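Enquirer: Below you'll find the structure I mean.
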Amino acid sequence: MEYVYKKADSVTLEKIWDKNIKGHEGDNCWLKWKNEMIKYNADGKAVTFVILCDNEPIGEGTLLLSPQCKAVRHRKILCDGECIANLNALRIQKEYENKGHISKLLREIEKYALKNGYSYLSIGVEAKETRNLSIYLHWGFTEFIKSYKEERRLVLYYRKKLRQ
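Numbering (my numbering), first residue to last: 1033 to 1196.
Structure (structure tokens):
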């Protein structure tokens, strides 16, 4: 199997979102999020990266570059459009978990962020998702920023300083 970690083109972006929607049938939020993310990517407000296995998307992560993106809700502490970008929607198909793919994708995202003038990445995690929190801490997201109540869930935000 050949794995590739790269910025998504428009065709791959459609494919990964169609897979997400299919995996969450009946939940109309996914269609709304697909339309938002495709528009954000087209407008330069976000950049989605994908993991391809034999040319099929199996995972993704989106770098939000603008505080206008709904996921950051104009909270410049999370994404200011200048030096802080927000890492959003990191996910991979279950059968590919725990193989280092998301870590490799994160390195590609960090390289892109640095190259484009960003010094910090922020990330959010639901307080109850202790496994994800421990992974994010391991990746260097150790500076606690703030907690917010979002859709009746407590979300904790952390950031990390990017290094060359």
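From the three backbone atoms N, C-alpha and C, an ideal C-beta is built for every residue, glycine too. From a predicted model like this one, the values you see are computed outputs, not experimental measurements.
Who are the Cβ neighbours of S1151 in its own chain at under 7 Å, not counting the five residues just before and after it?
Expert: In the sequence shown, the residue the question calls residue 1151 occupies position 119. Contacts found: C1115, K1193, L1194.
Enquirer: Residue range of the beta strand (DSSP E) that A1117 falls in?
Expert: Counting from 1 along the sequence shown, the entry for residue 1117 is found at position 85. Looking at the DSSP string, the run of the beta strand (DSSP E) that includes A1117 is 1116-1124.
Enquirer: Could you please give me the residues that DSSP links to C1085 through a beta bridge?
Expert: Position 53 of the sequence shown, counted from the first residue, corresponds to residue 1085. C1085 pairs with Y1035, E1088.
Enquirer: Leaving out the 5 sequence neighbours to the left and right, which residues in its chain are closer than 7 Å to K1108 when beta-carbon positions are compared?
Expert: Here residue 1108 refers to the residue found at position 76 when the sequence shown is read from its first residue. So the list reads P1099, once near-sequence residues are dropped.
Enquirer: Express the C-alpha separation of Y1128 and A1121 in angstroms, rounding to a whole number.
Expert: Within the sequence shown, the letter at position 89 stands for residue 1121. Within the sequence shown, the letter at position 96 stands for residue 1128. Within the model, the alpha-carbon separation for A1121 versus Y1128 is close to 16 Å.
Enquirer: Name the DSSP bridge partner or partners of S1154?
Expert: Here residue 1154 corresponds to residue number 122 of the sequence shown, with the count starting at 1. The partner list for S1154 (beta bridge, DSSP) reads N1118, R1191.
Enquirer: When you compare only the Cα positions, how much space is there between P1089 and Y1035?
Expert: Position 57 of the sequence shown, counting from 1, holds the residue named residue 1089. Position 3 of the sequence shown, counting from 1, holds the residue named residue 1035. C-alpha separation (whole angstroms): 10 Å.
Enquirer: Name the two residues that bound the continuous alpha helix (DSSP H) containing Y1180.
Expert: The residue you call residue 1180 lines up with position 148 of the sequence shown. Run containing Y1180: none in the alpha helix (DSSP H); it sits in the beta strand (DSSP E), 1175-1182.
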